[in-house]
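*Asks:*
Here it is, written out as structure tokens:
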């Protein structure tokens with residue numbers, strides 16, 4: 213049985229020899245503030261635009277209690293500090309392979325103070341390879357409630373060891389910054405990293421999230437577990453693909469959302485196929501015949517990207533903390549989280565439709581997003597905005613109906629112009 217160990221358990225690896233007081237004096241002065249938390253970045257890699265991903269991680273961690281957390285690739289330690297200061301983590305293990313960042317991380321985490329009951333610090337800093345930390349924690353049966361691996365590119369070598377080091381019911385927060393593979397430009401690379409042969413599709417950034425989830429699904433299944441995504445977030449800065457998943461006991465069911473997706477360049481429609489139906493891949497516009505217009509990618513995750521109820525809890529917490537609306541200086545979390553809730557509608561399929569594609573096929577001006585959504589909804593279809601692309605919708609409405617809807621909206625505009 214997987215049990216989380218005490219927050220006072222010492223790490224099995226050699227912790228970095230740190231002196232926070234000395235570090236505060238010698239570090240390159242580069243003070244940052246994020247959600248009221250101050251920290252130094254020194255010469256480590258730090259991206260201000262990634263603050264939304266950190267906000268989402270802190271909100272999610274706050275819903276997971278008690279919390280023994282590993283920040284496996286912590287950089288300057290800002291995530292670790294926020295997990296301690298804002299999520300109320302009982303213990304945070306901050307690891308970064310760059311030994312030069314040890315003092316920087318320690319000086320930042322020292323701002324979190326000590327445990328009120330014991331007077332001891334609630335964190336430890338190590339400088340080791342992330343996989344070594346994960347594997348040795350697993351071998352010592354010292355499991356984590358939450359593991360954050362903010363990796364670069366499409367490094368998936370840590371996935372299996374991270375799953376092994378996570379307790380049942382624990383959360384795994386994973387990252388990819390490989391927009392080139394998600395765009396279908398390196399199918400052999402995506403196949404090697406995530407087991408998915410990805411080809412160019414018009415909703416490539418959503419494919420990036422599904423490719424990442426699918427990679428975790430595959431590794432968990434090999435270990436006798438299954439994972440479900442709680443939320444998925446894309447940001448064009450990087451680009452960055454971040455996914456929060458919960459680990460559950462038991463392998464994938466036969467009706468799992470792990471299969472193949474297709475996009476037809478001729479009619480613009482997309483379809484999902486299970487493994488059992490691989491020999492039946494075609495498009496209705498081709499009369500059921502094999503066609504070069506059909507693009508196939510997979511296997512990857514084809515199910516919901518978010519758990520609507522869980523994201524709703526995050527939204528309520530964000531409102532309590534005053535994080536929901538940040539105005540013009542940052543991303544509006546209220547708007548983002550509500551979009552994720554809308555996207556979690558089980559009636560919505562994978563992918564999204566860009567209105568530019570609709571207008572191009574309809575040979576009309578691109579219709580207003582709100583007008584298009586209202587018109588499609590009146591036709592009885594499920595529809596929502598996409599948090600990934602500004603001028604795009606997620607809907608189960610066929611492309612042919614979207615085209616006719618855009619033409620009708622254009623006719624209304626033309627008639628109004630004539631009256632004027």
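Residue numbers (the numbering used here): 213 to 632. For each residue, glycine too, the CB sits at the ideal point set by N, CA and C. Here the structure is a predicted model, which is why all the values come from computation and not from measurement.
#1: Rounded to whole angstroms, what is the Cα-Cα separation between residue 613 and residue 601?
#2: If contacts are defined as beta-carbon pairs under 8 Å, then residue 513 and residue 410 qualify, I think. What distance do you get, rounded to the angstrom?
#3: DSSP state of residue 269, grouped into three classes?
#4: Count the other CB atoms within 10 Å of the CB of residue 476; is the residue buried (16 or more) or exposed (fewer)?
#5: Run through DSSP, which three-state label would residue 438 get?
#6: Is residue 335 helix, strand or coil by DSSP?
#7: Could I get the ranges of all uninterrupted beta strand (DSSP E) runs contained in the segment 332-401, with 3 residues as the minimum, in chain order?
#8: Judging by CA-CA distance, which residue of 389, 383 and 306 is the nearest neighbour of residue 450?
#9: Here's a check: name, in chain order, each residue in its chain whose Cβ is nearer than 7 Å to the Cβ of residue 461, leaving out the five neighbours to either side.
#10: Out of curiosity, what's the CA-to-CA distance linking residue 502 and residue 570?
#11: So residue 309 and residue 346 are in contact, right, with Cβ under 8 Å, and what is the actual spacing, rounded?
#12: Is residue 405 helix, strand or coil by DSSP?
#13: Within the same chain, show all residues whose beta-carbon is closer than 7 Å to that of residue 235, passing over the 5 residues directly before and after it, in chain order.
#14: In the DSSP assignment, find the unbroken alpha helix (DSSP H) run with residue 294 in it and report its ends.
#15: Could you please give me the residues that DSSP links to residue 245 through a beta bridge?
#16: At which residues does the beta strand (DSSP E) containing residue 576 begin and terminate?
#17: Since residue 432 contacts residue 459 with CB under 8 Å, what's their CB separation in whole angstroms?
#18: Can you give the beta carbon distance from residue 356 to residue 321, rounded, assuming they're within the 8 Å contact cut?
#19: Whose C-beta lies closer than 7 Å to the C-beta of residue 256 among residues of the same chain, with five residues either side of it excluded?
#20: Who are residue 506's beta bridge partners in DSSP?
#21: Is the beta carbon of residue 556 closer than 8 Å to that of residue 516?
#22: Measuring only the C-alpha atoms, how far is residue 562 from residue 444?
#23: Where residue 395 and residue 536 are concerned, what is the direct C-alpha to C-alpha distance, given to the nearest angstrom?
#24: Alpha carbons only, please: which of 301, 246, 382 and 507 is nearest the one belonging to residue 264?
#25: Run through DSSP, which three-state label would residue 483 get?
#26: Suppose the cutoff is 8 Å on Cβ atoms and the five residues either side in sequence are ignored; what does the same chain contact list for residue 369 look like?
#27: Can you give me the Cβ contacts of residue 615 inside the same chain, cut-off strictly under 7 Å, excluding the 5 residues immediately before and after it?
*Replies:* Looking at the atomic coordinates:
#1: Residue numbering aside, residue 613 sits at position 401 when the chain shown is read from its first letter. Residue numbering aside, residue 601 sits at position 389 when the chain shown is read from its first letter. If you take the alpha carbons of residue 613 and residue 601, they lie about 21 Å apart.
#2: Working through the chain shown from its first residue, we reach residue 513 at position 301. Working through the chain shown from its first residue, we reach residue 410 at position 198. About 12 Å; that fails the 8 Å criterion.
#3: In the chain shown, residue 269 corresponds to position 57, counting from 1. In this structure, residue 269 counts as helix in the three-state DSSP scheme.
#4: Your numbering for residue 476 matches position 264 in the chain shown. Counting Cβ neighbours within 10 Å, residue 476 comes out buried, since at least 16 surround it.
#5: What you label residue 438 is simply residue 226 of the chain shown in a count that begins at 1. Here residue 438 sits in strand by DSSP.
#6: Taking the chain shown and counting its residues from 1, one reaches residue 335 at position 123. In the structure shown, residue 335 sits in a strand (DSSP, three-state: E or B).
#7: 335-338, 356-361 and 378-388
#8: What you label residue 450 is simply residue 238 of the chain shown in a count that begins at 1. When each option's Cα is compared against that of residue 450, the closest is 389.
#9: Residue 461 sits at position 249 when you count from the first residue of the chain shown. Correct list, in chain order: 380 and 437.
#10: Along the chain shown, read from residue 1 onward, the residue named residue 502 stands at position 290. Along the chain shown, read from residue 1 onward, the residue named residue 570 stands at position 358. The straight-line gap from Cα to Cα measures roughly 25 Å.
#11: Taking the chain shown and counting its residues from 1, the one referred to as residue 309 is at position 97. Taking the chain shown and counting its residues from 1, the one referred to as residue 346 is at position 134. At roughly 13 Å, the Cβ-Cβ gap does not stay under 8 Å, so residue 309 and residue 346 are not in contact.
#12: By 1-based counting over the chain shown, the position of residue 405 is 193. Helix at residue 405.
#13: Here residue 235 is taken as the residue at index 23 of the chain shown, counted from 1. The predicted model places residue 235 with a pLDDT of 48, which falls under 50 and marks its position as unreliable, so this point remains unresolved.
#14: Residue mapping note: residue 294 aligns to position 82 of the chain shown, counting from 1. 290-297 is the extent of the alpha helix (DSSP H) around residue 294.
#15: Position 33 of the chain shown, counting from 1, holds the residue named residue 245. Answer by DSSP bridge pairing, in chain order: 250.
#16: For the purposes of this step, residue 576 is taken as the residue at position 364 of the chain shown. Judged by DSSP secondary structure, residue 576 falls outside any beta strand (DSSP E); it is assigned neither H nor E.
#17: What you label residue 432 is simply residue 220 of the chain shown in a count that begins at 1. What you label residue 459 is simply residue 247 of the chain shown in a count that begins at 1. Confirmed, Cβ separation roughly 7 Å.
#18: For the purposes of this step, residue 356 is taken as the residue at position 144 of the chain shown. For the purposes of this step, residue 321 is taken as the residue at position 109 of the chain shown. Contact flag wrong, Cβ pair sits at about 17 Å.
#19: Here residue 256 is taken as the residue at index 44 of the chain shown, counted from 1. The residues are 287, 288, 313 and 316.
#20: Translated into positions along the chain shown, residue 506 becomes position 294. Per DSSP, 476.
#21: The residue given as residue 516 occupies position 304 in the chain shown. The residue given as residue 556 occupies position 344 in the chain shown. A contact, by the Cβ cut-off of 8 Å.
#22: Indexing the chain shown from 1 puts residue 562 at position 350. Indexing the chain shown from 1 puts residue 444 at position 232. Residue 562 and residue 444: Cα-Cα distance of roughly 13 Å.
#23: Taking the first residue of the chain shown as 1, we reach residue 395 at position 183. Taking the first residue of the chain shown as 1, we reach residue 536 at position 324. Those two C-alpha atoms are separated by around 32 Å.
#24: Within the chain shown, residue 264 is the residue found at index 52, counting from 1. If we check each option's Cα against that of residue 264, 246 comes out closest.
#25: Working through the chain shown from its first residue, we reach residue 483 at position 271. DSSP places residue 483 in strand when its eight states are reduced to three.
#26: As a working mapping, residue 369 is identified with position 157 in the chain shown. Sequence-distant partners of residue 369 (beyond 5 residues in either direction) whose C-beta falls short of 8 Å from its own C-beta, in its chain, are 343.
#27: For this step, residue 615 is matched to residue 403 along the chain shown. If we look at residue 615 and ignore the five residues flanking it on each side, its Cβ neighbours are 570, 573 and 574.
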